[in-house]
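Chains as they are written, first to last, in the working numbering: chain V, 1134 to 1655; chain U, 267 to 641; chain C, 203 to 521.
Beta carbons: idealized from backbone N, C-alpha and C, even for Gly.
Take a look at the structure set out below.
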Amino acid sequence: MSSPEPHASAAPPAPGTIAVAMRGITKRFPGVLANDDVSFEVAAGEVHALLGENGAGKTTLMNILTGLYRPDEGEIEVGGKVVELASPRDAIAAGIGMVHQHFRLVDTLTVSENVVLGSRTEPFLLNRAARTREVELISEALHMPVDPDAKIWQLSVGEQQRVEIMKAVRSGSQVLILDEPTAVLTPQEARQLFRTIRVMAAEGHSVIVITHKLHEVLEVSDRVTVLRGGRSIATVGTAGATPESLAALMVGRDIDVARRRESESTIGDVVLTVEGITAAGDRGGDALKSVSLSVRAGEVLGIAGVAGNGQRELAEAVTGMRALSAGTVSVAGEPLKTGDPRAAITAGIAHVPEDRMHTGVAPSLSIASNIALKSYRTEAVGPFLRLGLIRKRAQEMIERYDVKTPGPETAARSLSGGNLQKVVLAREFSSEPRVLVAAAPTRGLDVGAIETVHGYLRQAADNRVAVLLISEDLDEVMMLSDRIVVMYEGAVAGEVDPRTATVEEIGLLMAGVTGTAAGGET
Amino acid sequence: MSLPEIRIEKRLKQRRWLMIAVPLGSLIVAHIAIAILLVATGHPPIATFRRLFDAAYIADGALTNSLIAATPLAFTGLAAAVAFRMKLFNIGAEGQLYFGAIGASGIAILLAGQSTPVLIAAMIIGGATLGAAWGAIPGLLRAFLRTNEIITSLMLNYVAALVLNYLIFDSLSYWRDTSATGLVFPQGKTLVDAATWPVLTIGSVAIPFGFLVAVAVAFVVWVLYTRTRFGFETQVIGDSPRAARYAGMRTRRKIVAIMCLSGAIAGIGGASQMGDFRHVLDARGLQQANYGYTGIVVAALARYNPFAVVFAAFLLGGLQNAGYTLQSAEFPSGLVGVMQGMILFAMLGGELLVQYRVSIHRRARQARTETGTAS
Amino acid sequence: MNNSIVVVVLASAVAYGTPLLYAALGELLAERSGVLNLGVEGMMLVGAVMGFLAVQKIDGAKGVVLPLAVAVAALAGAVAALVLAFLVVTLRANQIVAGLALTILCGAAGLSSYIANDFELATDPGRYSFEEVNAFGLQDLPVVGPIIFGQTWLVYASWACVVLVGLYLSRTRPGLNVRAIGEAPAAADAMGISVARYRYLHTIAGGAFAGVGGACFSLALTPLWVDGLTGGTGWIAIALVIFAFWRADLCLVGAYVFGAFSALPLILQAKGYTVTPQLFQALPYVMTIVVLVIVSSGIGRRRLGAPASLGVPYVREER
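See below:
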C-alpha cells in the first residue's frame, strides 16, 4: 500500500478547451460511499479514459454526469458553466450522452425508433422514411453498419451497442461516455469501435471511456483518470504511461508476483470433472461450447477471460443453475443431474455467486435466515425448523467470520459488500464442501475485504477443497491459482501455468489469439 | 426559481413505532377525509359516524352480525395474504370461494344422512379441495408457463361465476332444487339441518363456527410461515427467486402449493358460507357479495399478517354489517364502500412512510449560469 | 330481413360492446404506459353517475346537455384515475391493491351509490338520452344498415377514438414514448422521457375513457340509475385489452366479439337449439387466458407487444 499517489494538479494540462469538469463529487448510497471527492476534466476532442477496478466508483460517477443520480456534494461544469443536472433530460440538453454497460434500448422498437426516442426535434407525427434515412446517414458517418428497421431484439450485442452510440450522437451529445464498451464485443468489433471513437474525437467530440482494461486505455485514450475506492487518484497522459504504472495506480500497489500463494497441501485426486459441456446463453446461442476441465482436491483452478466470454455461464452450469445441452459435470466420478442446484449442493459443491445481493442472499431476510439458506433442510424436526439452533449457529458464524452487524436478526441488505460476502462464505464453508465455485468473489469489495476473502479461498484449498475461481481480475487469478484456464467466446482458449506465464501470454489467449505457445488444455 | 423536491429512499431498517403509528394515522386521515365528504354533502359527520359504529359494534346483536359479515372476509383475506406474501398476486379468491361452496354443498347433499361432525369435516374438506383445485390452475400456468397469475385468476373468477350460474339456473344439476317450485324459481337444494354449523355463544354474542375455523386457519398459516421449512422456502422465494433457486429450492412446486393453499382457504370460506349462513348454493347471493375482492383489501390492511387479517376482517365486516343494517334508514348509502376505500388508500399512502424515507429538498430548476449554492 | 334476430342481436352487440370498447381503450393507454389499473369498474361507475347527474341537473337543450354530460363523465373518471396514479406512481403502492381499492371506493357500494343516493338519482329516468342516429340515411340498408348506420353518436365517436388511439400509439412522438415506457422505463428515462409524467397522463386519460364508457350506460343503454349499473363491464375491459394484444384496432374487434358471444346463445335458442349460455359467455375469459399463455412465452411477448413493465413501479435510484 505504499505506492506513490500523484496529485491531480500534477496532471498534464488538457489539450484544448474544457468540455466537461466534475469537481469534488461525493455520492453516498445506503451503506456505501460510492464517490468520495472525485474531480476530473475532459477537453473537447479528447478521448479520456476512466480507469479503475470493479467497484471503484466509475459507473456511479458517470451516472451522476448523466443526471441519473444526483451528487450529495460537488459541482459539474459543462462548457465553462456550472450546471445542475437534475434529470437525464438536463444532461442530454447539456450535450452529455452515455452508452451504458447494460444497454438502455427498448427491445420491441426498431433501431430508428430507438435512435430518435426522447428527441424533441422529432415531428409530432412520426415520419418513418425520414427517420430511416437519417439513421443510415449517421451509421455511415460513424462507420457502423446496422439496419434501421430491424427490431432491437433481433440484433447482436455489438449491433445493439452501435444503436446506443447513434442514439447519443443523434441527441447532439458533445460528450459521449462509454461504460465498459468492449466487455461484450469480439476483438473485431472492439477494433471497429475504437475507429469510431477516433472519428468522433476528430470531429471535436469528447469521449469518456470507462474501463478496467489497461491495454484499451493505452490504445484509445489521450489521457486517463484513475479511480480507486471511490476516489480520484491521478490524471496522467497516456503517452508517458505504461501498463505497469497504470496498474500500480489502479490497484494501489505494485503487482507483486512474489505474493503468489503456493499450495501448502499436496494436490490430490480429481474431484470436479467437467466434460464437453455446452449450454445456451440468456440471449440464445451457445454461451458455453464444449468446455472440459478438471479440478483436483486442494487445487485452485483459475478461470480468466474478458467479461462475457462464458465465465458466468460456466459457474452456473457447474453449480446446476444453468441446464446443459450436452456434456456432464461430475463430482468424484458421479455425474450430476443437469440444471438442478440441489443436486450440486448435495454432491458437495459450494457456490459463491457473482451476484451476491440477489442470488447469494435473500436481501430482505435476516442474516440468520441467510446462513441457514441451504442447511435449513437438516436444521429441522420433521417440517418444523429449529429456530433456536439456526439463531445460535448464525451467532457463531458472525463471530467466527467477523461479520460487522448488530446481530443475526439484521436484514442482509443492510450489510456492506464485504460483510455480505463473509455471510455467503460462512454459509458455503460450513457445509464442508468438496468443491467450491467462486465467481467474482471480490468484485466491489474494499482492499481489506479482498484480503480476507482471498485468505478464505486459500484456506479452502488447504483444506483439500477443489476450488474453481472465476474472476475477471487477472491479478487475483494469477495470485491464487495453481493452474489457469483462459476462456474465450464460451470455449477454453488455453491453459497456462501462473508460475511461468506472462501477462502478455494470457492477454493473447483472452483476446482469442490461438496457436500460441501457451499450450492447450489437459 | 426553486421548487421543493421530494426525495424518496428505501429504508434499510424498518422503524417499529411506524408499524403502529402508520395504521393509526391512516385511520384518522381516512375519517377526516370522509368527514369532509359528509359535511360537503350536508350530513352531520359525528352523528353519522356514531350511528355507523353503533350499528357495527355496539347495538344489540351488532357484534353477532358483524362476525357473520367478517367470517367470509377473514377467509378470503387469509387466502390473499398467504399468496401475496410470496408475491403471488392471486386475485381469484372470489372464484375459489364459489368452488368451495360448490364442493361443500355437493358433499353435504351426498352425505345427507351423516352426523353433524362428519358433515362439517366433509364440507371443509370438500370446500378446500375444490377451492385448491381452482387455485391450482393459475398456479400451474404461472409455475410452468410463466403466465401472469393476476389476470388468469381474475378471468377464472368469471368462469367460476358462470359455472355457478349453470349449476343453478341452466341445468338440472345435482345442486339444483328440482322440485316443482325449484323449476319455476331456480335455486339450490337446501342442505339438511345436520349440515348447519354450530354457533358458540358468549354472553349475547354468537360466534359462527366458521369464524373460529378462520382463527384456526390464521394460526396454522402463522406457524407455517414462521416455523416450518415450507414457510422458510416461501419467504426466500418471495424475497428473491434467484436466491431460492441458488439454494436448491423447488420454486415451481412451491408456487403451485401456495396457490392451492390460497385456493383451499378461500374454499373453506365457501364451505362456511354453506354451513354457517346460506345452507343453499345461492348463486346470485355469493356473486353479489364480492367477498374475494374485499378480502384482498382486508389482507392489504393487515399487511399480510394472518392474525391482523382476522382483525381487519372484523373491522371491515363491522362496516359492511352497519351498511346493511342502516340501508333502509336515512343513512347515506355507499358510505361503507367509500370508507373502506378511503381507509385502504390512506394505508397505502402510509405504507410509503414505513418502507421509504421521505425528505423534502429545495432544488434549483435547470442549468444556472452563475455558481449556485451547494445543495 | 333487418328484423331478423341475427341482425338485431348483432346490432345490440355493437351497442353493448361500446362501453366495453371505451373502457378498454382507456385501460390500453394506462397499460401501455406500464400501469395495470384494476379500478376500471369503479371509474366507470363514477363516470356513469356523474354523467347521469349532469343530465338530470343541467338546464338546457338536449344537444347541449348530453355532450356536457359526457364531458362531466370523462372528468369524473379522470379524477378517480388521478387518485390511483398518485398512489401507484408517486407513492409506488401495489397496483393490484390500489386498483381494487379504487373500485371499492367508487363502486356499486361506494361513491357512485353515495352520490346517486344524495341526489336521489334513482327516482326518475334520465331527462335525455342518446338515441340512434340514421347515419347518411343508410340505416335501411340490408344487414349492415342497423348494425353500422343505426347507432348512437357514442358508437360513432368510439370508432373515431379507436382510430385516434391507434394512430396516437403507432404514429406519434408521444405514442412512441409511451410504448418505450411500457416496455423499458429505464431506457425511456435515460433518454429524458419523464416516466412519472407519462404514467400520470395516460392513467388519467384512461380514467376519462372509462368514465365515458360508464356514461354509455346511464346516457344511452339504460338511461336511469341503479347501483352497479355497469354490471362488471370494467373487469371485462381488462380482459379485452389482453385479448386484443394491446392494440386499439383489435380492441374494437374484441369488444364486439365479446358482445356477440354473450348474444350468441340467444340467437341459437331462438333457432331452436338447446344451448348452455354459460359455455359461450365463458369463452372470452378462457380465450383471454389462452392469449395470456401465448404472450408469456418470450418470443410471443416481443412479437405481440405485452408491455414488459406492466404492474411494476418504476424507481430510478435503486441499487
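- Residues near residue 351 of chain C by beta carbon distance below 6 Å, same chain, minus five either side: For the purposes of this step, residue 351 of chain C is taken as the residue at position 149 of the third sequence. Within the same chain, residue 351 of chain C has close Cβ partners 337, 340, 341.
- Query: If you draw a straight line from the C-alpha of residue 367 of chain U to the C-alpha of residue 458 of chain U, how long is it?
  - Reply: Residue numbering aside, residue 367 of chain U sits at position 101 when the second sequence is read from its first letter. Residue numbering aside, residue 458 of chain U sits at position 192 when the second sequence is read from its first letter. Rounded to whole angstroms, residue 367 of chain U to residue 458 of chain U spans 15 Å at the Cα level.
- Task: For residue 307 of chain U, return the contacting residues in chain V, with the cut-off set at a CB-CB distance below 7 Å.
- Result: Along the second sequence, one-based indexing puts residue 307 of chain U at 41. Against chain V, the beta carbon of residue 307 of chain U has no neighbour under 7 Å; the closest one sits roughly 42 Å away.
- Message: Please confirm whether residue 385 of chain C has its beta-carbon closer than 8 Å to some beta-carbon of chain V.
- Response: By 1-based counting over the third sequence, the position of residue 385 of chain C is 183. Output row for residue 385 of chain C: interface = yes.
- What number of angstroms, rounded off, separates the C-alpha of residue 451 of chain U from the C-alpha of residue 371 of chain U? Indexing the second sequence from 1 puts residue 451 of chain U at position 185. Indexing the second sequence from 1 puts residue 371 of chain U at position 105. Residue 451 of chain U and residue 371 of chain U have their C-alpha atoms some 19 Å from each other.
- Can residue 613 of chain U and residue 292 of chain U be called in contact, C-beta distance under 8 Å? Here residue 613 of chain U refers to the residue found at position 347 when the second sequence is read from its first residue. Here residue 292 of chain U refers to the residue found at position 26 when the second sequence is read from its first residue. A Cβ-Cβ contact shorter than 8 Å links residue 613 of chain U with residue 292 of chain U.
- Message: Run through chain U and tell me which residues come within less than 8 Å of residue 374 of chain C, C-beta to C-beta.
- Response: Residue mapping note: residue 374 of chain C aligns to position 172 of the third sequence, counting from 1. Neighbours of residue 374 of chain C across chain U, judged by C-beta separation under 8 Å, do not exist; the nearest C-beta is about 26 Å away.
- Can you give me the Cβ contacts of residue 456 of chain C inside the same chain, cut-off strictly under 6 Å, excluding the 5 residues immediately before and after it? For this step, residue 456 of chain C is matched to residue 254 along the third sequence. Within the same chain, residue 456 of chain C has close Cβ partners 442, 445, 446.
- Nearest neighbour of residue 1364 of chain V, chosen from V/1193, V/1310, V/1426, V/1276 [CA to CA]: Translated into the one-based positions of the first sequence, residue 1364 of chain V becomes position 231. Ranked by Cα distance from residue 1364 of chain V, the options V/1193, V/1310, V/1426, V/1276 are led by V/1193.
- For residue 1617 of chain V, which beta-bridge partners are listed by DSSP? Within the first sequence, numbered from 1, the residue matching residue 1617 of chain V stands at position 484. Beta-bridge partners of residue 1617 of chain V (DSSP): V/1435, V/1629.
- Item | Inter-stretch contact at 8 Å, needing at least 3 Cβ pairs: the segment 416-433 of chain U / the segment 459-475 of chain C | Judged by Cβ distances under 8 Å, the segment 416-433 of chain U makes no contact with the segment 459-475 of chain C, as fewer than three pairs qualify.
- Task: Kindly confirm or deny that the segment 395-410 of chain C and the segment 220-240 of chain C touch, where touching means at least three C-beta pairs closer than 8 Å.
- Result: Counting C-beta pairs closer than 8 Å gives three or more between the segment 395-410 of chain C and the segment 220-240 of chain C, which meets the contact rule.
- Task: Check distances from the C-beta atoms of the segment 473-491 of chain C to those of chain U and list, in chain order, the residues that come in under 7 Å.
- Result: Within the segment 473-491 of chain C, the residues whose Cβ lies closer than 7 Å to some Cβ of chain U are 478, 479, 480, 483, 484, 487, 488, 490, 491, listed in chain order.
- Message: Rounded to whole angstroms, what is the Cα-Cα separation between residue 1607 of chain V and residue 1437 of chain V?
- Response: Numbered from its first residue, the first sequence carries residue 1607 of chain V at position 474. Numbered from its first residue, the first sequence carries residue 1437 of chain V at position 304. Those two C-alpha atoms are separated by around 6 Å.
- Have a look at residue 1669 of chain V and residue 1626 of chain V and give me their C-alpha separation to the nearest angstrom. Nothing can be reported for residue 1669 of chain V: it is not among the residues displayed for chain V, which extend from 1134 to 1655.
- With DSSP as the reference, please indicate the residues paired to residue 1312 of chain V in a beta bridge. As a working note, residue 1312 of chain V is residue 179 in the first sequence. Per DSSP, V/1343.
- Per DSSP, cross-strand counterpart(s) of residue 1181 of chain V: For the purposes of this step, residue 1181 of chain V is taken as residue 48 along the first sequence, with counting starting at 1. Under the DSSP definition of a beta bridge, residue 1181 of chain V partners with V/1341, V/1356.
- Query: Any chance the segment 564-573 of chain U sits against the segment 405-414 of chain U, with 3 or more Cβ pairs inside 8 Å?
  - Reply: Segments in contact, no.
- Query: Are the Cβ atoms of residue 321 of chain U and residue 588 of chain U separated by less than 8 Å?
  - Reply: The residue you call residue 321 of chain U lines up with position 55 of the second sequence. The residue you call residue 588 of chain U lines up with position 322 of the second sequence. Yes, they are a contact pair.
- Is the shortest distance between the beta-carbon of residue 498 of chain U and the beta-carbons of chain V less than 8 Å? Numbered from 1 along the second sequence, position 232 holds the residue referred to as residue 498 of chain U. With 8 Å as the cut-off, residue 498 of chain U counts as an interface residue toward chain V.
- Message: Within 10 Å of its beta-carbon, does residue 1153 of chain V have 16 or more other beta-carbons around it, so buried, or fewer, so exposed?
- Response: Taking the first sequence and counting its residues from 1, one reaches residue 1153 of chain V at position 20. Residue 1153 of chain V comes out buried.
- residue 298 of chain C versus chain U: which residues are under 8 Å apart at the beta carbon? Numbered from 1 along the third sequence, position 96 holds the residue referred to as residue 298 of chain C. Here the neighbours are 355, 357, 416, 562.
- Task: Starting from the beta carbon of residue 1089 of chain V, find every residue of chain C whose beta carbon is closer than 9 Å, and list them in chain order.
- Result: As shown, chain V starts at 1134 and ends at 1655. That puts residue 1089 of chain V outside it, with no answer to give.
- Item | Neighbour list for residue 1405 of chain V in chain U, Cβ cutoff strictly below 9 Å | Against the first sequence, residue 1405 of chain V aligns to sequence position 272. Under the 9 Å cutoff, chain U gives no residues; its nearest Cβ is about 18 Å from residue 1405 of chain V.
- Whole-angstrom distance between residue 228 of chain C and residue 276 of chain C, CA atom to CA atom: By 1-based counting over the third sequence, the position of residue 276 of chain C is 74. By 1-based counting over the third sequence, the position of residue 228 of chain C is 26. Near 11 Å, if we compare the C-alpha coordinates of residue 228 of chain C and residue 276 of chain C.
- Query: Which ranges would you report for the alpha helix (DSSP H) in the segment 379-440 of chain C if only whole runs of at least 4 residues count?
  - Reply: The DSSP assignment places 387-392, 397-418 as complete runs of the alpha helix (DSSP H) inside the segment 379-440 of chain C, in order along the chain (cut-off: 4 residues).
- Message: For the segment 473-492 of chain U, list every residue whose C-beta sits within 7 Å of some C-beta in chain V, in sequence order.
- Response: For the segment 473-492 of chain U, there are no residues whose beta carbon sits under 7 Å from a beta carbon of chain V.
- Task: Jot down the residue ranges of each uninterrupted beta strand (DSSP E) in the segment 264-317 of chain C, minimum 3 residues, whole runs only, in chain order.
- Result: Correct list: empty.
- Message: Can you check whether the C-beta of residue 513 of chain U is within less than 8 Å of a C-beta belonging to chain A?
- Response: No chain A appears in this structure, whose protein chains are V, U and C.
- Task: Give every residue of the same chain whose Cβ lies closer than 6 Å to the Cβ of residue 1449 of chain V, excluding the five residues on either side of it in the sequence, and list them in chain order.
- Result: Mapped onto the first sequence, residue 1449 of chain V falls at position 316. Setting aside the 5 residues that flank it on each side, residue 1449 of chain V is surrounded in the same chain by 1455, each with a C-beta closer than 6 Å to its C-beta; the list follows chain order.
- Query: Exposed or buried, residue 1260 of chain V, counting other C-beta atoms within 10 Å across all chains shown (16 or more means buried)?
  - Reply: Against the first sequence, residue 1260 of chain V aligns to sequence position 127. By the Cβ-count criterion, residue 1260 of chain V is exposed, with fewer than 16 other Cβ atoms from all chains shown falling within 10 Å of its own Cβ.
- Query: If contact means a Cβ-Cβ distance below 8 Å, which residues of the segment 425-452 of chain U contact chain C?
  - Reply: Cβ contacts with chain C come from 425, 428, 429, 431, 432, 436, 437.
- Closer than 8 Å, CB to CB, is residue 1264 of chain V near chain C or not? Here residue 1264 of chain V refers to the residue found at position 131 of the first sequence. Chain C, which has no Cβ nearer than 8 Å to the Cβ of residue 1264 of chain V, makes this no.
- From the beta carbon of residue 454 of chain C, is the nearest beta carbon of chain U less than 8 Å away? As a first step, residue 454 of chain C is located in the third sequence; it is residue number 252 there, counting from the start. At a cut-off of 8 Å between beta-carbon atoms, residue 454 of chain C makes no contact with chain U.
- Which same chain residues, not among the five before or five after residue 272 of chain C, have their C-beta less than 8 Å away from its C-beta? Position 70 of the third sequence holds residue 272 of chain C. Excluding residues within five positions, the ones whose Cβ falls inside 8 Å are 253, 356, 414, 417, 421.
- Taking only beta-carbon positions, decide if residue 1507 of chain V is within less than 8 Å of chain U. Looking up residue 1507 of chain V in the first sequence gives position 374. Residue 1507 of chain V counts as touching chain U.
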